[in-house]
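So the structure is just underneath, and the comments pick up after that.
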Amino acid sequence: MLKRIKRLSGYQAMARFHREIDNLNIGYIARQLDISDPFRYSPAWGVMRWHGRNVTVVETKHRKFDVFEVPATMIEASEERILADLAISLGCGDAPGLEAARRFA
-13 MLKRIKRLSG YQAMARFHRE IDNLNIGYIA RQLDISDPFR YSPAWGVMRW
37 HGRNVTVVET KHRKFDVFEV PATMIEASEE RILADLAISL GCGDAPGLEA
87 ARRFA
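Numbering (the numbering used here) for the sequence shown: -13 to 91.
Laid out in structure tokens, this is it:
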């Protein structure tokens, strides 16, 4: 379970937050089903470094963004691993299944 550490209201707040980011893309985590994210359909979320913390930003409601702290153990180096896990969970773990998972994403 990810811990929410900040809520951003609107695109201006999101822009100010992005100015404070130390490293934009340090890895990916699998989509968290317990966190509502109605505007993004990817099975993987990007992780960034912000003030020495690993975080991901999720738009939980229209123009409301929540910043969640991500434990280092959850971070994958590439999106391919998450897509491969999704392909296996969909029952098609071969290469065409990976392509199906990409289309599903």
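Even glycine gets a Cβ: it sits at the ideal position worked out from N, Cα and C.
message: By the three-class DSSP mapping on this structure, what secondary structure does Leu69 have?
response: Residue numbering aside, residue 69 sits at position 83 when the sequence shown is read from its first letter. Three-state result, Leu69: helix.
- request: Go ahead and pull the three-state DSSP assignment for Gly83.
  value: As a first step, residue 83 must be located in the sequence shown, where it is residue number 97. Bear in mind that a pLDDT of 49 at Gly83, under 50, signals an unreliable position, so the number given afterwards is only what the model happens to contain. Reduced to three states, the DSSP call for Gly83 is helix.
task: Report the option in Asn40, Asp20 and Asp23 whose CA atom is closest to the CA atom of Glu6.
output: On the sequence shown, residue 6 is found 20 positions in, with the first residue counted as 1. Checking every option, the nearest Cα to that of Glu6 belongs to Asn40.
task: Look at the Cβ atom of Phe54, then the Cβ atom of Thr46, and state whether they are nearer than 7 Å.
output: As a working note, residue 54 is residue 68 in the sequence shown. As a working note, residue 46 is residue 60 in the sequence shown. Contact: no.
- request: In angstroms with no decimal places, state the Cα-to-Cα distance between Arg67 and Arg35.
  value: Translated into the one-based positions of the sequence shown, residue 67 becomes position 81. Translated into the one-based positions of the sequence shown, residue 35 becomes position 49. Going by the C-alpha atoms only, they are around 21 Å apart.
message: Going by beta-carbon coordinates alone, are Ile15 and Val56 separated by less than 7 Å?
response: Against the sequence shown, residue 15 aligns to sequence position 29. Against the sequence shown, residue 56 aligns to sequence position 70. Yes, the pair counts as a contact, with Cβ atoms nearer than the cut-off.
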